[in-house]
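Remember, our numbering sits 252 above the position in the sequence shown when you count from 1. No residue lacks a Cβ here, since even glycine has one placed at the ideal position from N, Cα and C.
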Amino acid sequence: MIVIPPSYEILDALDRQSLAVRIEACGRLCYKSEDRITDESAPVFIRNILKHGHNSVAEMAVLTLEVIVEKESLAGQLFKALPRFLNIDVLEKNILLITASVRAFRELYLEHGNLKIVKAITAYLLQRHALFFEDIVPERGIVPQSGVMVKKLYLSEVENLPVHLRARHRYLAVKFIVNRAVTHEMVRHRPCSFLQESQRYCRYSADKFGNQVTFIKPLFYDEQSDEYALWCQAMEESEKTYLQLLETSTPQAARTVLPNSCKTELIVYANLIQWVHMFKLRVAKGADPSMREVMIPLLADFAEQFPEVFGSLVVEQD
Ligand SMILES: Cc1cc2nc3c(=O)[nH]c(=O)nc-3n(C[C@H](O)[C@H](O)[C@H](O)COP(=O)(O)OP(=O)(O)OC[C@H]3O[C@@H](n4cnc5c(N)ncnc54)[C@H](O)[C@@H]3O)c2cc1C
């Protein structure tokens with residue numbers, strides 16, 4: 253067995269990649285198949301994912317659009333429809349700022365594709381990012397709509413928005429390597445998007461996993477203590493049973509003996525407002541110490557990058 257400390261990585265380098273590269277890089281974490289990424293692999297991977305309904309992968313990239321409507325009633329259509337998972341701000345009475353994931357824009361079209369403003373947004377996205385919309389729009393495409401002008405904002409433009417808008421429209425992804433109990437707590441934050449290493453698909457007896465199970469070192473026990481020795485014994489036992497079960501059954505069956513300490517990779521993707529909410533709950537004194545172990549240093553990193561949003565959050569000492 254392998255024992256490692258928990259860690260995290262802010263995936264801001266992905267913010268500078270194309271939507272397809274970004275989505276594939278995140279999606280492959282589930283299967284730990286990052287080694288299969290090539291210059292051409294993204295479209296095939298993404299079409300497959302969408303076909304099979306593994307839809308949360310399409311939440312791993314957002315687009316920010318400025319939508320200018322000639323008549324206010326066109327914007328009103330959108331508010332009446334109450335689309336889900338779209339961040340919409342009214343900049344002026346006929347200018348909307350909309351940020352949403354690829355998935356949310358897909359479902360906006362699927363659920364409200366009869367609205368002129370939605371047709372205009374989808375026609376614009378189809379022209380620039382056909383890969384993500386080709387399977388849901390009519391073969392003849394969508395005619396651009398008069399009276400609605402759509403423009404994509406670059407990341408640098410989102411970063412230059414006033415702070416209250418930047419906090420809602422700037423999204424950041426973080427990859428955590430933590431134990432399964434911590435990932436279970438993180439995925440409770442409903443407005444965020446998540447992708448998690450799958451114990452159904454990953455076979456830890458394979459070479460790429462070192463033919464063994466990896467566990468996260470618990471912060472509760474000193475390495476010299478009797479409790480730590482007992483913990484190691486329990487992990488070894490569970491690994492032995494898991495590997496034995498794999499000889500005759502599938503990973504999804506064998507995983508039923510894996511404990512909370514099992515190493516799990518998880519990507520959390522959210523706007524800065526949701527990160528603030530998570531930090532408030534997860535660095536608080538009453539939070540799980542294993543959660544605080546990663547969230548407190550992460551907050552320091554976020555505060556350095558976005559002092560105006562995270563700088564005032566205080567970490568209570570034990
Ligand atoms: C110290 C601590 C102990 C905990 N113990 C337990 C426990 O023993 N058992 C357990 O099951 N959970 C437990 N939790 C989880 C906790 O109850 C929340 O589910 C989790 O922290 C997610 O936070 P949240 O509900 O504020 O909001 P999120 O899911 O992060 O959502 C953000 C905000 O969106 C809004 N929102 C999202 N979805 C809804 C909705 N459906 N209805 C209304 N508003 C919504 C709310 O305003 C919410 O604040 C614990 C959490 C902490 C921090």
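Worksheet item: CA-CA distance, Ile298 and Glu276?
Response: 7 Å
Worksheet item: Where in the segment 466–537 do unbroken runs of the alpha helix (DSSP H), each at least 4 residues long, occur, reported from the N-terminal end onward?
Response: Fully enclosed alpha helix (DSSP H) runs of 4 or longer: 478–498, 503–506, 524–534.
Item to complete: Please work out which residues of its chain come closer than 6 Å, Cβ to Cβ, to Ala419, disregarding the five sequence neighbours upstream and downstream, and give them in chain order.
Response: Leu524, Ile525, Val561
Fill in: Nearest neighbour of Lys427, chosen from Gly279, Arg268, Ile369 [CA to CA]
Gly279
Fill in: Residues of its chain near Pro374, where Cβ-Cβ distance is below 8 Å and the 5 sequence neighbours each way are ignored
According to the sequence displayed, residue 374 carries Thr and not Pro. Leaving aside the five residues that flank Thr374 on each side, the residues in its chain whose CB is nearer than 8 Å to its CB run, in chain order, Phe357, Leu360, Tyr361, Gly365, Phe385, Val389, Ile394.
Worksheet item: Under the DSSP definition of a beta bridge, which residues are partnered with Thr316?
Response: Thr351
Worksheet item: For Phe385, which three-state DSSP category applies?
Response: coil
Fill in: Cβ pair count under 8 Å reaching 3, the segment 287–297 against the segment 329–340
Output reads no: the segment 329–340 does not touch the segment 287–297.
Worksheet item: Do the CB positions of Val475 and Lys404 come within less than 9 Å of each other?
Response: As written in the sequence, residue 475 is Glu, which differs from the Val given in the question. No, the pair does not count as a contact, with Cβ atoms beyond the cut-off.
Fill in: Every unbroken alpha helix (DSSP H) within the segment 376–442, with a cutoff of 4 residues, ordered by chain
Taking only runs of at least 4 residues, the alpha helix (DSSP H) segments lying wholly in the segment 376–442 are 407–411, 415–421, 432–438.
Worksheet item: Can Gln526 be considered in contact with ligand 1, in the sense that its beta carbon sits closer than 8 Å to one or more heavy atoms?
Response: yes
Item to complete: Consider the C-beta atom of His304 and the heavy atoms of ligand 1; say whether any pair is separated by less than 8 Å.
Response: no
Worksheet item: In three-state DSSP terms, what is Gln557?
Response: helix
Practice prompt. Using alpha carbons as the reference points, say which of Asn300, Glu344, Val370 lies closest to Lys332.
Written response: Val370
Worksheet item: Looking at the structure shown, is Ser259 part of a helix, part of a strand, or coil, going by DSSP?
Response: Assignment of Ser259 by DSSP, reduced to helix, strand and coil, places it in the strand class.
Practice prompt. For Leu447, write down the residues that DSSP places opposite it in a beta bridge.
Written response: Ile519
Worksheet entry | Same chain, Cβ closer than 6 Å to Val410, five either side skipped, listed in chain order | Thr316, His421, Arg422
Discussion item. Going by the DSSP bridge assignment, what does Asp459 pair with across the sheet?
Written reply: Partner(s): none; Asp459 has no beta bridge.
Worksheet item: Cβ of Glu488 versus every heavy atom of ligand 2: is any distance shorter than 8 Å?
Response: In the structure on display, ligand 2 does not appear, and the ligands it does have are ligand 1.
Worksheet item: What number of angstroms, rounded off, separates the C-alpha of Arg432 from the C-alpha of Ser270?
Response: Going from the Cα of Arg432 to the Cα of Ser270 covers about 30 Å.
Worksheet item: ligand 1: which residues have Cβ under 6 Å from any of its heavy atoms, chain order?
Response: After applying the 6 Å Cβ criterion, the set is Arg440, His441, Arg442, Pro443, His529, Leu533, Gly538, Ala539.
Discussion item. I need the straight-line Cα distance from Phe467 to Cys444, nearest angstrom please.
Written reply: Approximately 26 Å, taken between the alpha carbons.
Item to complete: Mind checking who Asp341 pairs with in its DSSP beta bridge?
Response: Leu349
Worksheet entry | Terminal residues of the alpha helix (DSSP H) in which Gly328 lies | 324–333
Worksheet item: So Tyr283 is in the alpha helix (DSSP H); what residue range does that whole segment cover?
Response: 271–283
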